[in-house]
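Input: a single structure, listed below in structure tokens.
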Amino acid sequence: MPDKDAGQTEWSKNGRYTGVTELELTQDGEKQVLASGKMIVGSGKLIDPAHLAHVYISPRKRAMQTFEIAFSDAAKQQLRDANKVSETDRLAEWGYGLYEGLVTKEIRALRKEHGLDTEQEWDIWRDGCEEGE
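When we follow numbering that gives the first Met the number 0, the leftmost residue of the sequence shown carries the number 0, and every step to the right adds one.
Structure below.
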């Protein structure tokens, strides 16, 4: 499943469900974040570091990289000097269990092997993830 909280990884590029697995951003992912950061992060922009009460970041590498790339060095330093940046497990991506790293087609095949989804195809929001959240 594509990341909405970080730039592109090899798995998000290929439509693989990515939760707890540690993946770094691809070069394209880094470029995406840099371009987005220039557009929306900065003084007078949508995300103005001077107006942030706090920045909470998932412990995943890709989330940390996204923060490091999106914010300027000066903004990061200003936020860190004011103790306004925290890494927290509360924002950790959810676990896909047996489906981690798989694409939807592979998950549906696996579920059929397990005797599931005899009446309708798997939907993550309705059916959840085996051994996941």
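Just so you know, even glycine gets a beta-carbon here, dropped at the ideal spot from N, CA and C.
Just so it is clear, the structure is predicted and the values come from calculations on it, not from any experiment.
Tell me which residues share the same chain as residue i and place their Cβ nearer than 7 Å to its Cβ, disregarding the 5 neighbours each side in the sequence.
{"i": "residue 25", "result": "7, 8, 9 and 12"}
Using the rule of at least 16 other Cβ atoms within 10 Å of the residue's Cβ for burial, across every protein chain shown, is residue i buried or exposed?
{"i": "residue 106", "result": "buried"}
{"i": "residue 2", "result": "Low per-residue confidence applies at residue 2: pLDDT is 45, beneath 50, and the placement is therefore not dependable, though the value from the model is reported in the following sentence. When all chains shown are included, residue 2 counts as buried."}
What is the DSSP secondary structure of residue i, reduced to helix, strand or coil?
{"i": "residue 40", "result": "strand"}
{"i": "residue 32", "result": "helix"}
{"i": "residue 25", "result": "coil"}
{"i": "residue 8", "result": "strand"}
Enumerate in chain order the residues of its own chain whose CB-to-CB distance from residue i is below 6 Å, with the five nearest sequence positions on each side excluded.
{"i": "residue 93", "result": "18 and 132"}
I need the straight-line Cα distance from residue i to residue j, nearest angstrom please.
{"i": "residue 136", "j": "residue 127", "result": "Because the chain here runs from 0 to 132, residue 136 falls outside it and cannot be looked at."}
{"i": "residue 28", "j": "residue 86", "result": "21 Å"}
{"i": "residue 120", "j": "residue 101", "result": "16 Å"}
{"i": "residue 16", "j": "residue 110", "result": "15 Å"}
Starting from the C-beta of residue i, find all residues in its chain whose C-beta is less than 8 Å away, skip the five residues before and the five after it, and write them out in chain order.
{"i": "residue 23", "result": "8, 60, 61 and 64"}
- Item | Length at least 3, wholly inside the stretch 73–112: the beta strand (DSSP E) runs in chain order | 84–86
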